[in-house]
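Per my numbering, residue 127 is the first one in the sequence shown, and the count goes up by one each step.
Every residue gets a Cβ at the ideal spot worked out from N, C-alpha and C, and that includes glycine.
All values derive from a computational prediction rather than experimental measurement.
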Amino acid sequence: MAPQLGEIRRENGIAGQISYSVAVTYPGESASTVQFVGSTYGGPVTMVTASGMQTHVDDPGRFGEFGPEWVRRFFADNG
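Next comes the structure, spelled out in structure tokens:
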């Protein structure tokens, strides 16, 4: 079952870096904030959990252009 997603918030960094944060709730679990860090120019995306653990997202292009819909597709595919 796919998780429930809260509001997706964008933050702008420097040199084209952007991040999207979202509260994610899986059935029977408490909400946890996950942040995705990428670039307006494409390239790698890193997922950062609430505990600070960082994970490289393999082939981020399979979820389309990096943005709020990208985050929704990520969780739809990995839920």
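Would you list, in sequence order, the uninterrupted alpha helix (DSSP H) runs of no fewer than 4 residues that lie entirely inside the region 159-186?
none
Among the candidates 150, 138, 164, whose CA atom is the shortest distance from the CA of residue 158?
150
What three-state label does DSSP hand residue 206 in the structure shown?
Residue 206 falls outside the range modelled here, since the chain spans only 127 to 205, and no answer is possible.
Cα-Cα separation, residue 199 to residue 140:
25 Å
Report yes if the CB atom of residue 186 is closer than 7 Å to the CB atom of residue 163, and no otherwise.
no
Spell out the partners DSSP gives residue 149 in its beta bridges.
159
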